[in-house]
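Some notes on the structure that comes next.
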Amino acid sequence: MKFWKSLSILIEDTLPEWRDKFLSYKDLKKQLKLIYPKDGDKPPSKRLKSENPSADCSDCNGSGGGDVTKEVIDFVRILEDEMEKLNSFIVEKEEDSVIKWKELQDRAAEAKDSKDELMRVGGEIVDLHGEMILLENYSALNYTGLVKILKKYDKRSGALLRVPFIRKVMQQPFFTTHVLNMLVKECEATLDVLFPRNEPPTSSVVPPEPSGGEATTATPEERSFRVPNELNEIENMESMYMKQTLSALRVLKEIRSGSSTVNMFSLPPLQSHAALEEDWKKLSVLEQAAK
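In this note's numbering, the protein residues as written are 1322 to 1612.
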């Protein structure tokens, strides 16, 4: 499936409210066609000069090389504007999330003696966790779009705009997701503390202790499928981000699998892809147990 089609389906199915925050991939393709209408057409005699892979992106607008056409200048300008849009969105979301997380931490500390409030806080932490994962996917999907459109430009023009521009992209706030990664880990750690996976005995008979008097310890796999007692009484604890996140992960995996080559422009590894899916499966178990 084409990248734009996959991205469009993802946005409409899971993130319609973020529609105008994604890379305008279609507009960039249109602008590229104004420069080189068809793949086989001869490139204009005046084109961007950036064959030096070590050049920084100050050459991206052609100031460091030969003359460029107006269409090329417009194309680079759109790229810069789109990157600024991505940065603004992710920075705003990160700032809001840090504030929200601090509030939830304070509420969780104050709710130790209130079961109902603890449940509410737990649900909001689950939602925040899900949104952070969606934002990580937002970063990866937009990076993919930039790489793909720049690859098309390089292929049609014979110039190497992709090298300096992607180096610049890798320094941008929307690409560096350290804050998001930190929030995801802290949310998971807090949920484990608030709702430890301690399954009570299914009968009144207390199981015997092993020789030596040491209590048995559940394996990580066993703990993964245990439902916290406290969550059994929650009503309608359904994360609004669960299905969205899993859908985003599937689309991202599909997009990545379409590339047969691995190079410096390949996407970085998914942030604990298997672990994220397992976490959401656990949350799905909690959701069902709460109903």
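Ideal Cβ positions, reconstructed from N, Cα and C, are used throughout, including at glycine.
Secondary structure at residue i, three-state DSSP: helix, strand or coil?
{"i": "Gln1493", "result": "coil"}
{"i": "Thr1511", "result": "helix"}
{"i": "Pro1337", "result": "helix"}
{"i": "Glu1520", "result": "With a pLDDT of only 48 at Glu1520, under the threshold of 50, the placement of this residue in the model should not be trusted, and no figure is reported."}
{"i": "Pro1528", "result": "Because Pro1528 carries a pLDDT of 41, less than 50, the predicted location of this residue cannot be relied on, and no value is offered for it."}
{"i": "Leu1482", "result": "coil"}
{"i": "Lys1323", "result": "coil"}
{"i": "Leu1328", "result": "helix"}
Who are the Cβ neighbours of residue i in its own chain at under 7 Å, not counting the five residues just before and after it?
{"i": "Lys1472", "result": "Arg1483"}
{"i": "Met1404", "result": "Val1490 and Gln1493"}
{"i": "Leu1515", "result": "Ala1429, Leu1439 and Gly1443"}
{"i": "Asn1408", "result": "Gln1493, Pro1494 and Phe1495"}
{"i": "Ile1446", "result": "Leu1425, Cys1508, Thr1511 and Leu1512"}
{"i": "Val1412", "result": "Pro1494"}
{"i": "Asp1395", "result": "Gln1352"}
{"i": "Lys1421", "result": "Leu1449"}
{"i": "Phe1410", "result": "Lys1342"}
From the options, pick the residue whose C-alpha is nearest to that of residue i; which is it?
{"i": "Glu1392", "options": "Asp1348, Asn1408 and Trp1422", "result": "Asp1348"}
{"i": "Pro1485", "options": "Trp1339, Leu1400 and Lys1354", "result": "Leu1400"}
{"i": "Leu1355", "options": "Ser1478, Asn1502 and Glu1507", "result": "Ser1478"}
{"i": "Lys1469", "options": "Arg1340, Lys1342, Trp1339 and Leu1353", "result": "Leu1353"}
{"i": "Leu1512", "options": "Asp1417, Leu1449 and Ser1435", "result": "Leu1449"}
{"i": "Ser1460", "options": "Thr1498, Asp1427, Glu1452 and Glu1431", "result": "Thr1498"}
{"i": "Asn1463", "options": "Asp1417, Ile1420, Lys1351 and Lys1406", "result": "Lys1406"}
{"i": "Glu1452", "options": "Lys1326, Lys1350 and Ser1418", "result": "Ser1418"}
{"i": "Val1500", "options": "Phe1410, Glu1416, Ile1332 and Thr1390", "result": "Glu1416"}
Counting along the chain, where does the alpha helix (DSSP H) carrying residue i start and finish?
{"i": "Ala1346", "result": "The sequence given here places Tyr at residue 1346; Ala does not occur at that position. Residues Tyr1346 to Ile1356."}
{"i": "Ala1429", "result": "Lys1391 to Glu1431"}
{"i": "Ser1461", "result": "First, the residue type needs correcting, since residue 1461 is Ala and not Ser in the sequence shown. Ala1461 -> alpha helix (DSSP H) spans Lys1436 to Ser1478."}
Only counting the same chain, and skipping five residues up and downstream in sequence, which positions put a Cβ closer than 6 Å to that of residue i?
{"i": "Gly1466", "result": "Leu1344 and Tyr1346"}
{"i": "Glu1338", "result": "none"}
{"i": "Lys1414", "result": "Leu1456"}
{"i": "Ile1330", "result": "none"}
{"i": "Glu1431", "result": "none"}
For residue i, which residues from the same chain have a beta carbon less than 8 Å from its beta carbon, with the 5 sequence-adjacent residues on both sides left out?
{"i": "Lys1323", "result": "none"}
{"i": "Ile1332", "result": "Trp1339, Arg1340 and Phe1343"}
{"i": "Lys1433", "result": "Leu1439"}
Between residue i and the ligand NAD, is there a pair consisting of the residue's CB and a ligand heavy atom that are separated by less than 7 Å?
{"i": "Lys1414", "result": "The ligand NAD is absent from the structure shown, which contains no ligands of any kind."}
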